[in-house]
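Here the structure comes first, spelled out in structure tokens, and everything after it is commentary.
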Amino acid sequence: MAILLPSLPVIRRLKVPPTDGELYLCELLKEKLDDNCYVFFNPYLDGDRPDIVVLKKGCGAVIVEIKDWNLDRYAIDQENRWSVDVSIIKSPFLQVFKYKSNMFDLHLPTLGLRDALNKCFFGVIDCYVYFHLGTKEDIREKYNLALDKLQISINENHENFLNKNIVYEKYEKKRKYLQNKKRQLGRDERLSITKDNADHLLKKINQLQPNNLFTDDIYNEFLRRLNPPEQVYEQGVKLTYDKKQTHLIESVEEFKKIKGVAGCGKTTIIAKRAVNAFKRHSSTVLILTFNITLRHYIRDKVSDVRENIGFNSFEITNYHQFFNSQLNNSNIDTSEFRELNLKKNLSEKEVLDLIYKTDFFKGRKLKGRKAVKYQTILVDEIQDYEPEWVKIIRDNFLDSGGEMILFGDPSQNIYERDLNKRESVIVQGFGSWVKLTKSYRSNIASPLIKLFKEFQQVFLIKKYQDSEVFDSDPKQHELFDILKYQTYLAEDFEKLFMEIADYITANQFIPNDITILCSSIELLRNLESLFNVNEKTMVMFETLDELYKITGCDDKTPRDEKRLREASCKDDIKNIRQRKKNFFMQNSGLIKFSTTHSFKGLEASTVFCILLGNDSPEIIYTAMTRAKTNLFIFDVINSRYSSFFNKQLS
0 MAILLPSLPV IRRLKVPPTD GELYLCELLK EKLDDNCYVF FNPYLDGDRP
50 DIVVLKKGCG AVIVEIKDWN LDRYAIDQEN RWSVDVSIIK SPFLQVFKYK
100 SNMFDLHLPT LGLRDALNKC FFGVIDCYVY FHLGTKEDIR EKYNLALDKL
150 QISINENHEN FLNKNIVYEK YEKKRKYLQN KKRQLGRDER LSITKDNADH
200 LLKKINQLQP NNLFTDDIYN EFLRRLNPPE QVYEQGVKLT YDKKQTHLIE
250 SVEEFKKIKG VAGCGKTTII AKRAVNAFKR HSSTVLILTF NITLRHYIRD
300 KVSDVRENIG FNSFEITNYH QFFNSQLNNS NIDTSEFREL NLKKNLSEKE
350 VLDLIYKTDF FKGRKLKGRK AVKYQTILVD EIQDYEPEWV KIIRDNFLDS
400 GGEMILFGDP SQNIYERDLN KRESVIVQGF GSWVKLTKSY RSNIASPLIK
450 LFKEFQQVFL IKKYQDSEVF DSDPKQHELF DILKYQTYLA EDFEKLFMEI
500 ADYITANQFI PNDITILCSS IELLRNLESL FNVNEKTMVM FETLDELYKI
550 TGCDDKTPRD EKRLREASCK DDIKNIRQRK KNFFMQNSGL IKFSTTHSFK
600 GLEASTVFCI LLGNDSPEII YTAMTRAKTN LFIFDVINSR YSSFFNKQLS
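The opening residue of the sequence shown carries number 0 in numbering that gives the first Met the number 0; numbering runs sequentially from there.
Encoded structure:
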């Protein structure tokens with residue numbers, strides 16, 4: 000019996016359910032293949048999503064594309080082109096062959112480099128297409144019809160040459176083309192699998208012979224890339240809430256503020272409370288964040304619990320975008336205000352900050368403008384909000400008798416807001432803080448939780464005396480979490496890259512589960528450029544290539560000149576960063592590179608934190624607490640945190 004990943008129960012509860020053909024073939028391959036086979040369903044491969052990939056250690060790999068097509072609607076012509084209802088479509092064989100070529104060109108660097116030197120490596124991967132609703136005879140008839148038409152063209156070409164209607168060169172060129180099409184048609188028919196000849200596929204895989212080209216390092220590289228990311232296993236799992244969370248997800252007309260440690264379930268509470276709010280009053284729920292990259296993450300959380308409520312019932316954005324949208328909806332022009340304050344010798348940033356703190360909506364009647372009042376407003380990352388923002392939202396956009404709930408974690412105050420000033424304004428009317436101290440991001444007995452708690456107590460608790468401290472369990476931890484600390488030399492990007500890459504390879508970490516964090520975009524850019532040679536990545540800033548394209552620089556441009564050009568192109572750079580944050584997807588299947596600021600509120604199974612000498616405790620705490628299972632900390636030599644980490648992790 001083969002090992003199927005993910006398992007059948009997980010496959011059945013995926014957000015996009017498997018087709019009948021996919022489910023049938025998964026069950027068949029699991030039951031009938033040898034026990035030295037892995038069967039991966041719909042794996043994430045840097046954007047590619049083949050239906051099934053089978054691995055047989057020491058022998059090779061097989062890619063299977065599955066089509067639940069009613070073949071009566073499909074046709075194949077003599078050019079080996081597929082059509083449905085007369086419309087040309089991409090051949091399913093071209094699709095599966097593209098998956099194969101991308102294995103060599105994009106996804107598996109070890110395999111790709113060896114294939115470049117020895118073309119025999121291309122044969123370690125086989126391809127098939129499974130037609131669940133067709134029969135072997137259906138396939139044979141379609142290909143015979145195409146071959147018959149092709150033979151007519153072959154004969155016509157030959158007769159034209161014999162009758163001297165065409166010259167030899169033209170005849171020979173067409174002859175080779177038609178013969179190639181004939182080989183393609185024959186090949187594709189042989190690679191077609193149907194339900195009544197599925198035994199042929201099983202036999203082909205089970206009889207794969209040992210191949211000395213399919214070495215262990217290639218096999219392990221396959222495993223790392225094909226293993227399902229953590230989010231696959233989380234799909235469709237019914238959420239449970241502890242006693243305190245169960246109370247907080249209820250939607251009632253109230254003002255409340257909730258704070259808790261990283262991973263305590265704030266986003267989970269927001270999502271379920273938003274759904275319950277819509278069910279209560281059947282009107283749009285507004286969810287505001289500070290970090291725009293949280294938008295898709297919160298939307299995913301809402302999707303898990305929304306109970307068939309349409310997505311247009313929830314507006315999810317950050318404060319700045321919401322503010323700008325409402326200015327536009329209300330036809331409010333701030334240019335005069337802007338010019339007036341620029342004349343006061345304020346910087347562009349100072350003027351912008353002032354604009355977002357100014358209540359342009361006060362005293363304006365709702366009638367005649369597009370801005371609406373919401374019966375429910377949920378605000379995340381409240382520790383990053385200015386007091387004026389909260390007042391603007393509450394006074395202008397909350398309906399009379401509505402509910403407004405604030406969520407935050409003072410220890411993640413990475414923008415170093417004045418919390419004393421904030422408390423004096425935000426606290427008004429919202430009651431006492433509801434405190435959440437139990438983290439569900441990691442096991443309570445995890446060494447991660449112990450590290451986070453100790454870091455809070457050493458570096459943060461004196462500064463934020465009312466912040467929540469992690470609950471932890473002193474008993475011995477038995478899970479397989481990895482926690483590492485080591486130093487690195489500044490600007491030695493290649494060594495840093497090799498260290499991280501070695502950890503990823505040695506532990507077979509899955510790309511989608513990996514995030515690399517640092518407070519320096521420049522360091523991340525250089526590091527990402529090394530990763531991107533062999534691995535696609537997702538970044539929330541401009542890559543090195545994109546920066547060079549924007550600024551006209553290259554590797555030989557002096558550093559000072561690079562900085563000047565970057566400064567002159569700051570608007571273009573800001574634009575690309577903003578768009579990447581807006582389009583950021585947590586589960587892209589790729590390794591993610593992000594600043595700590597941009598990744599705040601998100602999480603990853605494996606996190607590599609690269610610390611800088613001037614990082615504040617809030618930044619380090621925020622970066623570390625993004626990790627759910629594995630945490631690797633790279634610190635500068637002789638940093639002010641080194642004694643703490645050496646003591647905790649020795």
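Here a beta-carbon is modelled for each residue, glycine too, at the ideal position from N, C-alpha and C.
This structure is a prediction, so every number in the text was calculated from the model and none was measured.
Within 10 angstroms of the Cβ of residue i, are there 16 or more other Cβ atoms? Answer buried if so, exposed if not.
| i | result |
| --- | --- |
| valine 166 | exposed |
| lysine 148 | exposed |
| valine 538 | buried |
| isoleucine 88 | exposed |
| arginine 625 | buried |
| tyrosine 176 | exposed |
| histidine 246 | exposed |
| asparagine 645 | exposed |
| glutamine 671 | Outside the displayed span of the chain (0 to 649) sits residue 671, for which this structure offers no information. |
| glutamate 171 | exposed |
| glutamate 534 | buried |
| arginine 305 | buried |
| lysine 369 | Residue confidence is low: lysine 369 scores 48 on pLDDT, short of 50, so the model does not pin down where it sits. Its coordinate-derived value is still stated next. Lysine 369 comes out exposed. |
| asparagine 311 | exposed |
| methionine 584 | exposed |
| proline 8 | exposed |
| asparagine 574 | exposed |
| arginine 393 | buried |
| lysine 366 | Per-residue confidence for lysine 366 stands at a pLDDT of 45, beneath the threshold of 50, marking its modelled position as unreliable; the derived number appears in the next sentence. Exposed, by the Cβ-count rule. |
Could you work out which residue in the options is closest to residue i when comparing CA atoms only?
| i | options | result |
| --- | --- | --- |
| phenylalanine 336 | Asn328, Val85, Asp352 | Asp352 |
| alanine 261 | Ile499, Lys599, Tyr640 | Lys599 |
| lysine 255 | Lys548, Lys555, Lys579, Gly430 | Gly430 |
| aspartate 501 | Phe607, Ile575, Tyr355 | Phe607 |
| aspartate 383 | Ile151, Asp67, Ile618 | Ile618 |
| arginine 605 | Ile509, Trp68, Leu563 | Checking the sequence, you will find threonine at residue 605 rather than arginine. Nearest option by C-alpha distance: Ile509. |
| asparagine 275 | Ala74, Glu252, Phe289 | Glu252 |
| threonine 283 | Lys300, Phe313, Arg298, Asn290 | Phe313 |
| glutamine 507 | His106, Asn219, Val53 | Asn219 |
| asparagine 69 | Cys58, Ala115, Asp137 | Asp137 |
| asparagine 41 | Val52, Lys31, Leu32 | Val52 |
| serine 438 | Leu105, Cys263, Lys243 | Cys263 |
| asparagine 210 | Lys56, Phe221, Lys561, Cys36 | Lys56 |
| lysine 300 | Leu601, Ile636, Phe631 | Leu601 |
Roughly how far, in whole angstroms, is the beta-carbon of residue i from the beta-carbon of residue j, given that I think they are within contact range, below 8 Å?
| i | j | result |
| --- | --- | --- |
| phenylalanine 120 | leucine 110 | 6 Å |
| leucine 24 | valine 123 | So it is not a contact: roughly 22 Å between Cβ atoms. |
| tyrosine 373 | glycine 401 | 6 Å |
| isoleucine 609 | leucine 488 | Wrong, their Cβ atoms sit about 12 Å apart, outside the cutoff. |
| histidine 131 | aspartate 34 | So it is not a contact: roughly 25 Å between Cβ atoms. |
| glutamine 647 | leucine 450 | 6 Å |
| isoleucine 481 | arginine 272 | Not really, about 34 Å apart at Cβ, beyond 8 Å. |
| asparagine 511 | leucine 447 | Contact doesn't hold; Cβ gap of about 20 Å is too wide. |
| arginine 363 | lysine 627 | Between lysine 627 and arginine 363 the Cβ distance is about 45 Å, and since that is not below 8 Å, they are no contact. |
| glutamate 188 | asparagine 290 | Contact doesn't hold; Cβ gap of about 53 Å is too wide. |
| lysine 580 | threonine 292 | 5 Å |
| valine 38 | isoleucine 2 | 7 Å |
| isoleucine 513 | glutamate 541 | With 8 Å as the limit, isoleucine 513 and glutamate 541 do not qualify as a contact, their Cβ atoms being about 21 Å apart. |
| asparagine 79 | glutamine 183 | 5 Å |
| cysteine 126 | isoleucine 65 | The pair is not a contact, with the Cβ atoms about 12 Å apart (cut-off 8 Å). |
Would you say residue i faces chain C, with C-beta separation under 8 Å as the test?
| i | result |
| --- | --- |
| glutamate 314 | Within the model displayed, chain C is absent; a lone protein chain is all it includes. |
Could you tell me the boundaries of the beta strand (DSSP E) in which residue i lies?
| i | result |
| --- | --- |
| phenylalanine 313 | 313–317 |
| tyrosine 484 | 481–487 |
| serine 82 | 81–83 |
| threonine 624 | Careful: threonine 624 lies outside any beta strand (DSSP E) and carries neither H nor E. |
| isoleucine 10 | Segment 7–11 is the alpha helix (DSSP H) holding isoleucine 10; no beta strand (DSSP E) there. |
| cysteine 36 | 36–40 |
| leucine 435 | 432–435 |
| cysteine 552 | Per DSSP, cysteine 552 belongs to no beta strand (DSSP E) and is neither H nor E. |
| serine 528 | Segment 520–530 is the alpha helix (DSSP H) holding serine 528; no beta strand (DSSP E) there. |
Taking the continuous alpha helix (DSSP H) assigned at residue i, which residues delimit it?
| i | result |
| --- | --- |
| isoleucine 291 | First-last for isoleucine 291: undefined, no H or E at that position. |
| threonine 497 | Note that residue 497 corresponds to methionine in the displayed sequence, not to threonine. Residues 492–506. |
| serine 641 | 641–648 |
| alanine 566 | 558–567 |
(request) Starting from the N-terminal side, write out each stretch of the alpha helix (DSSP H) that is 4 residues or longer and does not extend beyond the segment 127–165. (result) Listed in chain order, they are 135–161.
(request) Could you pull out every unbroken alpha helix (DSSP H) segment of at least 4 residues lying fully inside the segment 186–245, listed in chain order? (result) Within the segment 186–245, the complete alpha helix (DSSP H) runs of at least 4 residues fall at 197–205, 215–225, 229–233.
(message) Could you tell me which whole beta strand (DSSP E) segments of length 3 or greater appear in the segment 327–385?
(response) Taking only runs of at least 3 residues, the beta strand (DSSP E) segments lying wholly in the segment 327–385 are 373–378.
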